[in-house]
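See structure below.
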Amino acid sequence: MRTRTAFLSIASALALCFTIPAVASAAEGEFTYRYYDEDEEIQVGTLVDPPSGECIEIPEIADWDVDAFRPRNNTDSTAVVFLDDDCKSDSYFSLRPHGGRGSDRLLLRSVIFS
């Protein structure tokens, strides 16, 4: 009888382990950029702990025909910035983790983290 109880306990624990959803990975840290607001003033945007492997459109400029610029990658993952809003353009640039940066001339509309 005790063998059956022990077996059921172990089987239940294993079943629970396999039903717990996996945690999505994310780049840890901050990714910052500059953009012009509606009054043509420079603002700073930040993505905190962005998800890895997902194309992220820069939210503050998503509905405008403007680009963000001067990206700073202070995450622990490589950031690849794109000139289009769906991370598919041939115009892209990689920023190394922990301090990779671009100048005011590096324009972007989307980013993906490795």
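According to my numbering, the stretch in the sequence shown is residues 8 to 121, in order.
For every residue, glycine included, the Cβ atom is placed at its ideal position computed from N, Cα and C.
Model, not experiment: these values are computed from the prediction.
Going straight from the alpha carbon of Ala33 to that of Ser96, what length do you get?
23 angstroms
Kindly indicate which three-state DSSP category Glu67 falls into: helix, strand or coil?
helix
Could you give the C-beta distance for Arg41 and Phe76, rounded to a whole number, given that I count them as a contact under 8 angstroms?
5 angstroms
Between the Cα of Phe38 and the Cα atoms of Ala69, Thr85, Glu48 and Glu47, which residue gives the shortest distance?
The shortest C-alpha separation from Phe38 is found at Thr85.
Check the C-beta distance from Asp92 over to Arg112 and give it rounded, since I have them as a contact under 8 angstroms.
With 8 angstroms as the limit, Asp92 and Arg112 do not qualify as a contact, their Cβ atoms being about 19 angstroms apart.
Roughly how many angstroms separate the alpha carbons of Glu67 and Val51, rounded to a whole number?
10 angstroms
Can you list the beta strand (DSSP E) stretches of 3 or more residues lying completely in the segment 69-101, in chain order?
Scanning the segment 69-101 from its first residue to its last, the whole beta strand (DSSP E) runs of 3-plus residues come out as 75-82 and 86-89.
Does the distance from the CB of Val118 to the CB of Val73 come in under 8 angstroms?
no
Consult DSSP for Glu37 and reduce its assignment to one of helix, strand or coil.
strand
Flag this pair as yes or no: are the beta carbons of Pro78 and Gly106 separated by less than 8 angstroms?
no
Taking Cys94 as the reference, which of Asn81, Ser121 and Glu64 has the closest Cα?
It is Glu64 whose Cα lies nearest to the Cα of Cys94.
Rounded to whole angstroms, what's the CA-CA distance from Asp83 to Leu54? Just pull it up for me.
13 angstroms
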